[in-house]
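First up is the structure itself, then whatever we jot down about it.
Numbering (the working numbering), first residue to last: 5 to 696.
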């Protein structure tokens, strides 16, 4: 009974998905078709003559001078020379977060391993050419062909080709990054043979007459299947455990499913379940659909976002319909007009430019071959037969006329010039940058390059929005996939160097409680994007500014800093080692903040650095001077101590002398008192006198 309910549920999901896709496809059909035509127009030879225009020029020359292709390629090259990178920053505004750096390194590692540049480049080119591009993020096994039962997963970046005809978000999504979308369809084509091998199903058995479906889900040589992403709000039970120290910790059902021994572990350490909570979670359900049924139910995927990143060239909402275009559409008519003019001009030029004589058949009778071979053999003269007059006599006569070379209409010449001007104004004229002469100032060069770069800025800005969304999706997936304790993963630094990161490392904090280092399940960051300089001229502007500052300072330390920074920012072939040297120099000077790897290398270098003889001598001399100073101080202290001892002995002697004197005085006083009592006082000369 449960199986029947599940089958009916999948049938209902399939019917609802077809109806939803029908509404989306019907609303966006014309816009997306124009995007596809634009991409064909600039990239496929002959596509500029497709449609009614080509039918009008049937059996006539049809030349193409594809100016649009060069303009699109210039924008693409500008982007590839200035990549957009993702940076995770803390939400509380702190300057540094070690976990954010870990996320940065893991993100770059996933990009590198899955060749993400292919996905980025394809999406950007489709957005610039047609107006819409996209790529996807997918959770895959780290090693699909490993014999071990290791189910560790990594996040891969995959391109989506022909996104304008294969990627459709629901009509209620208004945000450019589609963060508010609840549905998404991604169509994938394959041959019937590949379909049979993968799904063990016969594509011919699909019904083609799907109700309200305006799109053929399979073609005679191709079979289309759809990845259907549906956002669902699910209720999740949270179990709260209280530990012996009174701390509470929450665990989800996902935690218990991933670790079957978790409950036993909690019981063994004395943790008891205190309560249960029910929370709502945003989850994404993924299905694989064919034209007739649900082929696969992949369940809930990692993360809470639809893992499709849309990229727009230019985008508007007009009359409730999302509209977009790239760099091609506004110049298609001018390009067609130019092709028509050049084709007509080529046809005129192909006609003979030599005036040919017009003769009667009788005049060239017998001399036809001579006239026919004249262009090859260049005869010194040509023969004609005389004309017989009415009287039967010969009448000398030349050609009765001459052909005229076709003339170029004046309107065509003027129109060719106007067409060239219009194309330069719409596409941008890169020739202005090529007109730079040797005596022009660097500031003028920078202003000219800025003017050219302004034409590409909107595409780089919109691509930056897509990259920001990509970082948000990746972080949401990584919080669920990169949570294994002790798992070691490759990390890539901003300069491309690889390192190893260990996840979920238990460690004790200052209060003795256990915390986990590099725990991505707790990662909650904002995503910022860094768009590189718009041109190599802007990169050189930094060097020019630094060298200009060197002319207005006399401080040696400031001069050393400015010169090192200028050399660190130089561009050129084979100077990467020089840049690294001056970066290390600035790090040692405390001007540039080192990365973690650079700090470890600098610490190791300082520990292993051997001292030169001069340093050793100076160090020994310094130690000797310190020792001599210590001995001198000790001698001084001894002298002072001896002096204090002498002073103490003197005081003791004085004290004893004073005591003797006091005894003598006391004895004298007592004697005087006794004499007074006897009525006798001593005289000045020592004689005794009677007391009167």
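Built from N, CA and C at the ideal position, the CB exists for glycine as well.
Subject >> DSSP three-state assignment for residue 248, whether helix, strand or coil >> reply: One-based indexing of the chain shown puts residue 248 at position 244. Looking at residue 248 - three-state DSSP - the assignment turns out to be coil, as it is neither helix nor strand.
Original post:
residue 240 to residue 524, Cα distance in whole Å?
Top reply: Your numbering for residue 240 matches position 236 in the chain shown. Your numbering for residue 524 matches position 520 in the chain shown. Their backbone Cα atoms lie some 20 angstroms apart in a straight line.
Original post:
Among 574, 580, 522 and 315, which has the Cα closest to the Cα of residue 103?
Top reply: Here the question's residue 103 lines up with position 99 in the chain shown. Taking only the C-alpha atoms, the option nearest residue 103 is 522.
Original post:
Can you tell which of 125, 130, 530 and 163 has its C-alpha closest to the C-alpha of residue 142?
Top reply: By 1-based counting over the chain shown, the position of residue 142 is 138. Out of 125, 130, 530 and 163, 163 has the C-alpha closest to the C-alpha of residue 142.
Original post:
Just the Cα atoms here: how many angstroms apart are residue 243 and residue 527?
Top reply: As a working mapping, residue 243 is identified with position 239 in the chain shown. As a working mapping, residue 527 is identified with position 523 in the chain shown. Between residue 243 and residue 527, the C-alpha separation is close to 21 angstroms.
Original post:
Can you give the beta carbon distance from residue 311 to residue 477, rounded, assuming they're within the 8 angstroms contact cut?
Top reply: Against the chain shown, residue 311 aligns to sequence position 307. Against the chain shown, residue 477 aligns to sequence position 473. With a Cβ gap of about 5 angstroms, residue 311 and residue 477 count as contacting.
**OP:** Using three-state DSSP, classify residue 87 as helix, strand or coil.
**Re:** In the chain shown, residue 87 corresponds to position 83, counting from 1. If DSSP states are grouped into helix, strand and coil, residue 87 belongs with coil.
**OP:** Provide the residue span of the alpha helix (DSSP H) that contains residue 412, from first to last.
**Re:** Position 408 of the chain shown, counted from the start, is the residue given in the question as residue 412. Counting along the chain, residue 412 falls outside any alpha helix (DSSP H), and DSSP gives it neither H nor E.
Subject >> DSSP state of residue 452 mapped onto helix, strand, coil >> reply: Locating residue 452 in the chain shown gives position 448, where the first residue counts as 1. Its pLDDT being 46, under 50, residue 452 is placed unreliably in this model, and the value from its coordinates should be taken loosely. Of the three classes helix, strand and coil, the one that applies to residue 452 here is helix, per DSSP.
Original post:
Just how far apart, CA to CA, sit residue 405 and residue 360?
Top reply: Taking the first residue of the chain shown as position 1, residue 405 is located at position 401. Taking the first residue of the chain shown as position 1, residue 360 is located at position 356. So the two alpha carbons sit approximately 8 angstroms from each other.
Original post:
When DSSP labels each residue in this structure, what does residue 686 get in the three-state scheme?
Top reply: Locating residue 686 in the chain shown gives position 682, where the first residue counts as 1. With a pLDDT of 46 at residue 686, under the threshold of 50, the modelled position of that residue is not reliable, and the figure given next carries that caveat. Residue 686 falls in the strand class under three-state DSSP.
Original post:
What are the uninterrupted segments assigned as alpha helix (DSSP H) that are 4 or more residues long and contained completely in the segment 307–394, given in chain order?
Top reply: 336–354, 365–368, 372–376 and 378–381
**OP:** Decide if the segment 500–517 is in contact with the segment 120–138; the criterion is three or more beta carbon pairs, one per stretch, under 8 angstroms apart.
**Re:** no
**OP:** Could you say if the segment 32–42 and the segment 319–335 meet the contact criterion of at least three C-beta pairs nearer than 8 angstroms?
**Re:** yes
Original post:
Would residue 429 be called buried (16 or more neighbouring beta carbons within 10 Å of its own) or exposed?
Top reply: As a working mapping, residue 429 is identified with position 425 in the chain shown. When all chains shown are included, residue 429 counts as exposed.
Original post:
Are the Cβ atoms of residue 574 and residue 550 separated by less than 8 angstroms?
Top reply: Reading the chain shown from its first residue, position 570 is the one you call residue 574. Reading the chain shown from its first residue, position 546 is the one you call residue 550. No, the Cβ-Cβ distance between residue 574 and residue 550 is not below 8 angstroms.
Subject >> Local Cβ density within 10 Å of residue 358, reported as buried at 16 or more and exposed below that >> reply: Taking the chain shown and counting its residues from 1, one reaches residue 358 at position 354. So residue 358 ends up on the exposed side.
**OP:** Confirm, please, whether the CB-CB distance from residue 118 to residue 161 is below 8 angstroms.
**Re:** Here residue 161 refers to the residue found at position 157 when the chain shown is read from its first residue. Here residue 118 refers to the residue found at position 114 when the chain shown is read from its first residue. Yes, the pair counts as a contact, with Cβ atoms nearer than the cut-off.
Original post:
Between the beta-carbon of residue 79 and the beta-carbon of residue 463, is there less than 8 angstroms?
Top reply: Start at 1 with the first residue of the chain shown, and residue 79 comes out as number 75. Start at 1 with the first residue of the chain shown, and residue 463 comes out as number 459. Contact: yes.
Subject >> residue 265 burial status per 10 Å Cβ neighbour count (16 or more: buried) >> reply: Residue mapping note: residue 265 aligns to position 261 of the chain shown, counting from 1. That one is exposed.
Original post:
At a cut of 8 angstroms, does the segment 243–258 reach the segment 277–295 through at least three beta carbon pairs?
Top reply: yes
Subject >> Delimiting residues of the alpha helix (DSSP H) encompassing residue 64 >> reply: Counted from its first residue, the chain shown places residue 64 at position 60. No alpha helix (DSSP H) holds residue 64; DSSP gives it neither H nor E.
**OP:** Would you kindly check if the distance between the Cβ of residue 173 and the Cβ of residue 182 is under 8 angstroms?
**Re:** For this step, residue 182 is matched to residue 178 along the chain shown. For this step, residue 173 is matched to residue 169 along the chain shown. Contact: yes.
Subject >> Neighbour flag for residue 380 against chain C, beta carbons, 8 angstroms >> reply: Given the protein chain composition of this structure (a single chain), no chain C is represented.
**OP:** Give every residue of the same chain whose Cβ lies closer than 6 angstroms to the Cβ of residue 459, excluding the five residues on either side of it in the sequence, and list them in chain order.
**Re:** Position 455 of the chain shown, counted from the start, is the residue given in the question as residue 459. Correct list, in chain order: 432.
**OP:** Could you tell me the distance, in whole angstroms, from the CA atom of residue 396 to the CA atom of residue 377?
**Re:** Position 392 of the chain shown, counted from the first residue, corresponds to residue 396. Position 373 of the chain shown, counted from the first residue, corresponds to residue 377. About 32 angstroms.
**OP:** Run the CB neighbour count on residue 128, radius 10 Å, all protein chains shown included, and call it buried at 16 or more, exposed below.
**Re:** Against the chain shown, residue 128 aligns to sequence position 124. Burial call: buried.
Original post:
Who pairs with residue 510 in a beta bridge, going by DSSP?
Top reply: As a position in the chain shown, residue 510 is number 506, starting the count at 1. Per DSSP, 520.
Original post:
Quick one, are the C-beta atoms of residue 92 and residue 479 less than 8 angstroms apart?
Top reply: Within the chain shown, residue 92 is the residue found at index 88, counting from 1. Within the chain shown, residue 479 is the residue found at index 475, counting from 1. Yes, the pair counts as a contact, with Cβ atoms nearer than the cut-off.
Original post:
So, using beta-carbon positions, are residue 36 and residue 169 closer together than 8 angstroms?
Top reply: Along the chain shown, one-based indexing puts residue 36 at 32. Along the chain shown, one-based indexing puts residue 169 at 165. In this structure, residue 169 lies closer than 8 angstroms to residue 36 by Cβ.
Original post:
Is residue 386 buried or exposed, if buried means 16 or more other CB atoms sit within 10 Å of its CB?
Top reply: Translated into the one-based positions of the chain shown, residue 386 becomes position 382. With fewer than 16 Cβ atoms within 10 Å of its Cβ, residue 386 is classed as exposed.
Original post:
Cα separation between residue 259 and residue 287?
Top reply: As a first step, residue 259 is located in the chain shown; it is residue number 255 there, counting from the start. As a first step, residue 287 is located in the chain shown; it is residue number 283 there, counting from the start. Going by the C-alpha atoms only, they are around 16 angstroms apart.
**OP:** Under the assumption that residue 14 contacts residue 301 (Cβ atoms under 8 angstroms), give the Cβ distance between them as a whole number of angstroms.
**Re:** Counted from its first residue, the chain shown places residue 14 at position 10. Counted from its first residue, the chain shown places residue 301 at position 297. Between residue 301 and residue 14 the Cβ distance is about 7 angstroms, and since that is below 8 angstroms, they are a contact.
Original post:
Are the Cβ atoms of residue 17 and residue 238 separated by less than 8 angstroms?
Top reply: As a working note, residue 17 is residue 13 in the chain shown. As a working note, residue 238 is residue 234 in the chain shown. Cβ distance not < 8 angstroms, so residue 17 and residue 238 don't count as in contact.
Original post:
Could you give the C-beta distance for residue 52 and residue 343, rounded to a whole number, given that I count them as a contact under 8 angstroms?
Top reply: The residue you call residue 52 lines up with position 48 of the chain shown. The residue you call residue 343 lines up with position 339 of the chain shown. That belief holds up - the Cβ atoms of residue 52 and residue 343 are roughly 6 angstroms apart, short of 8 angstroms.
Original post:
Given that a residue counts as buried once 16 or more other Cβ atoms are within 10 Å of its Cβ, and exposed if not, what is residue 215?
Top reply: For the purposes of this step, residue 215 is identified with residue 211 of the chain shown, where counting begins at 1. Annotation note: pLDDT 35 at residue 215 (below 50); position unreliable, coordinate value reported separately. Exposed, by the Cβ-count rule.
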